[in-house]
Structures are given as structure tokens and as C-alpha cells.
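Engineer:
There are 2 protein chains.
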Amino acid sequence: MKITALAGGVGAAKLISGLAGIMAPGDLTVVVNTGDDFRWMGLYICPDLDTMIYTLAGVANPETGWGVAHDSFHCLERLGRLGCDTWFRLGDMDLATHLYRTNRLNEDYRLSEVTRELCRQNGIHHCILPMSDDAVPTRVHTNEGELDFQDYFVRRKCVPHVEGFSYAGADRARPAPGVLAALQESEAIVICPSNPYVSIGPILAVPGIRDALRRASVPVLAVSPIVGGEALKGPAAAMMRQLGASPSAAGIAGLYRDFVSHLVIDRCDEALREEIEAPGMRVILTDTIMRDRSARAALAAKILEILSCPA
Amino acid sequence: MKITALAGGVGAAKLISGLAGIMAPGDLTVVVNTGDDFRWMGLYICPDLDTMIYTLAGVANPETGWGVAHDSFHCLERLGRLGCDTWFRLGDMDLATHLYRTNRLNEDYRLSEVTRELCRQNGIHHCILPMSDDAVPTRVHTNEGELDFQDYFVRRKCVPHVEGFSYAGADRARPAPGVLAALQESEAIVICPSNPYVSIGPILAVPGIRDALRRASVPVLAVSPIVGGEALKGPAAAMMRQLGASPSAAGIAGLYRDFVSHLVIDRCDEALREEIEAPGMRVILTDTIMRDRSARAALAAKILEILSCPA
Chain A
112 MKITALAGGV GAAKLISGLA GIMAPGDLTV VVNTGDDFRW MGLYICPDLD
162 TMIYTLAGVA NPETGWGVAH DSFHCLERLG RLGCDTWFRL GDMDLATHLY
212 RTNRLNEDYR LSEVTRELCR QNGIHHCILP MSDDAVPTRV HTNEGELDFQ
262 DYFVRRKCVP HVEGFSYAGA DRARPAPGVL AALQESEAIV ICPSNPYVSI
312 GPILAVPGIR DALRRASVPV LAVSPIVGGE ALKGPAAAMM RQLGASPSAA
362 GIAGLYRDFV SHLVIDRCDE ALREEIEAPG MRVILTDTIM RDRSARAALA
412 AKILEILSCP A
Chain B
112 MKITALAGGV GAAKLISGLA GIMAPGDLTV VVNTGDDFRW MGLYICPDLD
162 TMIYTLAGVA NPETGWGVAH DSFHCLERLG RLGCDTWFRL GDMDLATHLY
212 RTNRLNEDYR LSEVTRELCR QNGIHHCILP MSDDAVPTRV HTNEGELDFQ
262 DYFVRRKCVP HVEGFSYAGA DRARPAPGVL AALQESEAIV ICPSNPYVSI
312 GPILAVPGIR DALRRASVPV LAVSPIVGGE ALKGPAAAMM RQLGASPSAA
362 GIAGLYRDFV SHLVIDRCDE ALREEIEAPG MRVILTDTIM RDRSARAALA
412 AKILEILSCP A
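In C-alpha cells form, the structure reads like this:
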């Protein structure tokens with residue numbers, strides 16, 4: 112079964128690693144958020160692409176959710192002594208990815224091409240695509256003004272009150288080569304358990320992608336990133352609350368109602384099933400917390416089972 | 112006494128660290144070779160400036176002569192796994208310097224300004240200047256064709272037979288701000304024990320610098336980098352041989368005869384004194400091998416002694 116998945120950070124990478132383990136390489140395409148990409152010291156950094164690549168390569172740091180396991184920070188420490196901002200924690204091995212990518216982009220390769228190279232060199236056989244080769248930086252509108260995403264997320268630790276989001280340049284951006292074709296040729300589409308505003312939102316903001324989902328005649332299955340009223344990681348629930356949405360799987364259903372046909376929610380949210388279910392929105396209960404590799408595999412298998420018998 | 116020194120790599124850095132330890136900060140200006148600067152993975156690398164800065168900051172690696180002591184190579188190792196050339200050994204702490212410099216140059220700061228910042232952040236109070244803010248890359252003409260300096264020096268390990276040198280762009284280069292003024296205002300000029308072709312040669316090729324030395328009415332003192340017919344480090348003697356010059360302090364005297372008034376040679380080369388001494392060229396014998404800090408200090412003190420009583 113050919114599947115295309117939309118993916119953000121750590122939760123998405125876990126689910127994709129589960130799917131990658133049981134799907135044939137040609138069958139899985141992953142479209143990754145690049146809305147939180149940023150430049151630091153001249154380096155072009157793609158946090159979600161990197162988390163995806165490191166996780167699939169088996170070198171991700173399981174404790175932090177970002178970076179490379181057992182990395183050192185000698186370069187960053189010295190940059191700090193040179194007076195540089197070091198709030199974004201870049202390890203020495205991690206830096207190699209950013210140096211490589213930046214150098215290739217400066218040589219006029221496109222982000223999708225560099226991503227293909229990084230996947231090949233990391234032994235990844237599934238197709239990982241950035242949502243776009245064009246920059247679409249997420250802006251967080253807050254009570255302290257408009258902030259770049261990394262500024263809000265890393266430096267300000269999500270403290271400012273969120274009033275909205277925008278995706279700069281989205282109107283002029285094009286999906287990366289292969290994204291629309293993958294969506295059109297898939298037998299199912301998966302929305303990973305990622306933040307709906309700052310992981311899935313930027314992908315949906317790229318012209319053509321949300322339309323492709325709305326028009327899809329195949330199942331579009333989302334896994335709720337909100338479990339028991341909280342995000343497993345990150346600020347999704349807090350953002351929903353601040354924006355007046357219900358911080359729950361039901362709130363997720365509301366945000367995705369125009370294109371999702373199947374919503375996978377955690378067993379602990381069984382009470383929400385009735386509130387969510389509606390014509391064109393089936394709810395499936397299962398264990399969605401991917402504590403270890405076998406839990407990733409189990410959720411991935413469950414999703415394939417649902418999609419192979421979607422009615 | 113105000114002194115300006117022309118400097119290349121390791122030997123120069125040792126002598127300058129000796130001088131820096133006994134001179135007042137305002138009195139010492141060092142003009143450093145940038146002919147072997149190069150770009151790697153998009154980073155702008157200045158080997159001689161870095162060796163000078165690391166040595167004066169007390170963090171240089173004494174074993175290699177380049178890089179930072181106790182550095183790790185985690186980034187480089189990973190770049191190697193990504194398929195990159197890794198013949199130039201850049202450590203993780205060392206990388207911080209190159210990232211910082213490259214980022215500043217991309218922000219349109221000049222190399223001399225970035226060098227001033229790096230000196231300040233490394234606690235260096237003497238004035239370190241690149242020979243030029245313009246690129247003047249050394250080309251090595253060999254029996255295998257024309258090679259970039261680092262290609263000849265690091266990758267090819269000085270194996271090709273040298274037929275000559277050129278300094279690309281030298282005719283259009285200007286001395287960095289402060290270089291000519293320092294030469295004009297100094298009470299003495301020191302040519303460090305550096306390779307005459309690829310360390311001092313590029314500096315002399317920048318328009319105005321060799322002329323300033325020739326016209327200088329103050330002592331111009333060179334320390335021979337050749338001791339007992341061999342370079343203490345690097346390919347200077349081999350290059351002299353390949354180019355038909357005598358690989359000796361006498362050969363150095365020949366190369367510098369148009370501007371040097373005092374040549375410091377090692378005691379072991381006493382037999383050469385007569386051959387070298389001439390009107391306008393005084394020879395001083397002393398211990399020139401800087402095995403440790405006290406030897407650096409002793410040679411520096413000896414030089415100051417000569418210069419304070421030059422006749």
C-alpha cells in the first residue's frame with residue numbers, strides 16, 4: 112500500500128520509524144514541515160527534517176528529541192566564548208548536517224535534493240521530502256509581538272501568549288517536487304501526531320496541499336497529538352487553549368475536519384469518541400503513546416490495518 | 112620600542128608569543144600571511160591567523176602546530192561519513208573560529224575587523240592584522256601543474272616538485288588598514304622565521320609592503336627559518352633546493368637582501384657568517400630554536416636587545 116505522510120517533529124519521526132520498519136521503501140513518502148527552519152551563524156537548519164533523518168538512521172538522541180545521540184558540544188561552547196548566542200543547542204555531529212546542507216544550498220542545490228543526499232548517506236531508503244523548496248517561516252503572533260518560531264519556542268520557551276500564526280511567503284511557495292504527485296498517487300494519507308499549528312499547519316499552508324487532501328478519494332487518517340488533554344511533547348495543548356480551541360482530540364478533529372476521514376485517538380480519550388464522530392469522520396481507539404520501538408511498530412501496524420480496511 | 116613583524120605560521124607564532132610577553136600591547140603590530148587562506152564546506156579558513164591567535168591565547172595544539180589543544184573531531188568524522196573530503200583536519204573547537212569568521216564576512220565585515228574581534232574575544236591585546244582584506248591566494252607551480260596552496264601542502268604533502276609561486280590577485284590587493292602606517296611608524300621591523308616563499312612572500316607581494324621595507328630607515332631584522340640546512344618545520348628548505356637557491360641561512364639572506372639590515376641565524380650556522388655579511392647586512396648568531404616558552408622569551412629578548420642597539 113502506497114502511503115504519504117505529513118510530518119512534524121519527534122512524534123512524527125517515531126511513527127514514521129514504525130511505518131518505515133514494516134513498509135517497502137517505494138511505498139512510503141514523508142512530507143516534512145520546514146516552517147521552523149532557520150539560519151544561525153550562517154548555517155541553514157531544518158529541525159524537523161533532521162529529527163526525521165536522525166530517527167530513521169537510528170542515531171537520534173532519545174532523551175532530547177533533537178540532535179544526535181552521544182553528541183558533544185565543543186564547537187558551541189567555544190562559540191559561546193566568542194560571544195555568540197548559543198540558545199539553540201547544536202552538537203558537533205549535528206553541525207556536520209548543517210554544514211553539509213548549507214554548503215550544498217550555497218552551491219544552488221535545492222533543499223529537496225540535499226535532503227535526498229542526506230537520506231542516502233544516512234542509509235534511509237524511504238522518500239523524505241521537505242514540504243517546499245521555498246522558505247515558509249512560521250511566525251508566532253503573541254502578546255509580546257510577532258516572533259520567529261525558534262525565538263518563541265527555544266529562546267522564550269513558549270512563554271508568550273499565542274494569538275495566532277502566519278506562514279510567511281506561503282502564498283508564493285510551491286510544494287517540493289514530488290509532493291503533490293505523492294499525495295495524488297497514494298492509497299492513503301497519514302497526518303502524523305504533530306502540532307497542528309506549527310508542524311502540520313505550515314505544510315497545509317503551501318498552496319495545493321490542503322486542497323489535495325480535501326479532494327482525496329483515499330482515506331486521510333490523522334493520529335491525535337493530544338492525549339488526555341495534553342500534548343505528549345511540546346506546546347500544542349497550550350496553544351489550543353490560548354487560541355480558544357478545546358485542548359483535546361476533539362479540538363484536533365475540529366482543526367482537521369475538512370479533510371480527515373479517520374482520527375486515531377488514545378484509549379484514554381474514549382469519552383470523546385461520540386463528540387468527534389460524525390459523517391465522514393471515523394474515530395479509532397488504540398494505544399498512541401510510543402514509549403519504545405515496539406510501541407512505534409504496534410501503532411504503525413494498527414494504522415496499516417485500519418487503512419487496508421478503511422470502511 | 113614600536114615594532115611591526117611580518118609573520119607566517121608556527122615559527123612566527125612562537126616568536127611573536129615571546130615578543131608579546133615582554134612588549135607593551137600598543138608597541139607590537141603583527142602582519143600575518145593570508146596567502147594560504149581557503150574555503151572548505153563554505154567556511155573561510157585562515158590557517159596562519161588562527162595559529163597566531165591560538166598561540167597568543169595559549170590554546171594552540173603544541174603537537175601539530177595547528178588547531179586547538181585537546182580538540183575533538185566529531186563534526187569532521189561525521190562529514191566524512193556524509194561523503195565530504197576531510198583531508199584538512201578541522202577540530203570541533205577550531206570550527207567555532209571558522210564559523211564565526213565566515214558568518215561575519217558574510218555580514219560584510221572585513222577580515223581585519225573580524226580578526227580584531229577574534230583577538231579581543233581571545234584576550235589578545237597586541238595588534239594582529241591580516242596582510243590584506245583582499246584575497247591573495249598562493250599558487251604553487253609544480254611539475255604536476257599549478258596547485259592551490261592547501262592542495263599542495265596538505266593533500267599532496269609537498270610531494271610535487273616546485274617550479275615557482277604566484278600570488279593571485281596581488282596586483283589589485285591593498286594592504287589591510289593599518290599595515291602601511293604600522294610599518295612607517297615602527298622603530299624596527301621583524302621578519303619572523305617563516306617560509307620565505309609561502310609565508311613572507313605573499314605579504315611582500317601586496318603592493319606597497321616590500322617598498323615600505325626597502326625604504327625603511329629603521330632596522331629590518333629577519334630571523335632565518337633555515338637552521339643547519341633544514342627548515343625547523345615545513346617545506347622551506349626543500350622549496351629552496353627545488354628552486355636552485357641554497358637551502359641555508361645564506362639562501363635566506365639572498366632572498367631578503369634588498370630590505371633586511373640584520374639577519375639572526377642559529378649558532379650552528381656560524382660558518383655562514385662571512386658568506387652572508389655585507390655592507391648593510393649584519394649577521395647575529397644566537398640560539399634560534401624555540402623548543403619551549405623560555406626559549407621563545409630568550410630569542411625575543413635577544414631581538415629587542417639587538418634592535419635597541421642596532422649598529
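Residue numbers (this note's numbering), protein chains in the order written: chain A, 112 to 422; chain B, 112 to 422.
Heads up, the beta-carbon is just placed ideally off N, CA and C, and yes, glycines get one too.
#1: Quick one: measure Cβ to Cβ for A/L374 and A/M392, integer angstroms, because I've assumed they're closer than 8 angstroms.
#2: Restricting to Cα atoms, I'd like to know which of B/G319, B/C230, B/P336 and B/W198 is closest to A/G194.
#3: Is the separation between the beta-carbon of A/G234 and that of A/A135 shorter than 9 angstroms?
#4: Which of the residues in the stretch 194-206 of chain A, read from start to end, lie with their CB under 7 angstroms from any CB of chain B?
#5: Could you check whether the Cβ of B/L167 sits closer than 9 angstroms to any Cβ belonging to chain A?
#6: For a contact meaning CB atoms closer than 7 angstroms, what does B/M163 contact in chain A?
#7: So with CB distances below 7 angstroms, who are the chain A contacts of B/G189?
#8: Do A/L126 and A/L139 have their CB atoms nearer than 9 angstroms?
#9: Closer than 9 angstroms, CB to CB, is A/L229 near chain B or not?
#10: Could you give the C-beta distance for A/Y155 and A/R212, rounded to a whole number, given that I count them as a contact under 8 angstroms?
#11: Between the alpha carbons of B/S297 and B/I320, how many angstroms are there, rounded?
#12: Does the beta carbon of A/Q232 come closer than 9 angstroms to any beta carbon on chain B?
#13: Using a Cβ cut-off of 8 angstroms, pull out every chain B residue sitting near A/Y211, in sequence order please.
#14: If you follow the beta strand (DSSP E) that B/L332 is part of, which residue opens it and which one closes it?
#15: Is the distance from the Cβ of A/R323 to the Cβ of A/L418 below 9 angstroms?
#16: Thinking B/V247 and B/Y278 are a contact (beta carbons under 8 angstroms), I'd like their distance in whole angstroms, please.
#17: Among A/R378, A/D377 and A/M351, which one has its Cα closest to the Cα of A/G365?
#18: Report buried or exposed for A/N217, applying the criterion of at least 16 other Cβ atoms within 10 angstroms of its Cβ.
#19: Run through the DSSP bridge pairs and tell me what A/L396 is partnered with.
#20: I need the straight-line Cα distance from A/F264 to B/E224, nearest angstrom please.
#21: Buried or exposed for A/C186, please, with buried defined as at least 16 other CB atoms from any protein chain shown within 10 angstroms of its CB.
#22: Between B/C157 and chain A, is the shortest Cβ-Cβ distance under 9 angstroms, so that the two count as touching?
#23: Assuming contact is defined by CB atoms lying nearer than 9 angstroms, are A/D196 and A/D161 in contact in what I supplied?
#24: Return the residue from the list A/E228, A/D245 and A/E188 that minimises the CA-CA distance to B/R192.
#25: Among B/S128, B/R221, B/Y220 and B/T175, which residue has its Cα nearest to the Cα of B/R428?
#26: Could you give the distance in angstroms between the alpha-carbon of B/V309 and the alpha-carbon of A/K113?
#27: With A/H423 as the anchor, note down where its alpha helix (DSSP H) starts and where it stops.
#28: Using 9 angstroms as the threshold, is the C-beta distance between B/V170 and B/G345 below it?
#29: What are the start and end residues of the beta strand (DSSP E) that includes B/R250?
#30: Which complete beta strand (DSSP E) runs does the stretch 192-274 of chain A hold, if anything under 3 residues is left out?
#31: For B/S183, go through chain A and note every residue whose CB falls closer than 8 angstroms to its CB, in chain order.
Structural biologist: Checking against the coordinates, here is how it stands:
#1: 6 angstroms
#2: B/C230
#3: no
#4: G194, C195, D203, M204 and L206
#5: no
#6: In chain order: nothing, as chain A lies at least about 16 angstroms away.
#7: According to the sequence displayed, residue 189 of chain B carries Arg and not Gly. Near B/R189 (Cβ distances below 7 angstroms), the residues of chain A are M204 and A207.
#8: no
#9: yes
#10: 6 angstroms
#11: 13 angstroms
#12: yes
#13: M152, L190, L193 and C195
#14: V331 to V334
#15: The question names Arg, but residue 323 of chain A is Ala in the sequence shown. Their beta carbons are not under 9 angstroms apart, which means A/A323 does not touch A/L418 by this criterion.
#16: 5 angstroms
#17: A/M351
#18: exposed
#19: A/I376
#20: 33 angstroms
#21: buried
#22: no
#23: no
#24: A/E228
#25: Because residue 428 of chain B is not part of the residues shown, which for chain B are 112 to 422, the question remains open.
#26: 60 angstroms
#27: In the structure displayed, chain A extends from 112 to 422; residue 423 of chain A sits before or after that span and is not available.
#28: no
#29: T249 to T253
#30: 238-241, 249-253 and 256-259
#31: S183, H185 and D203
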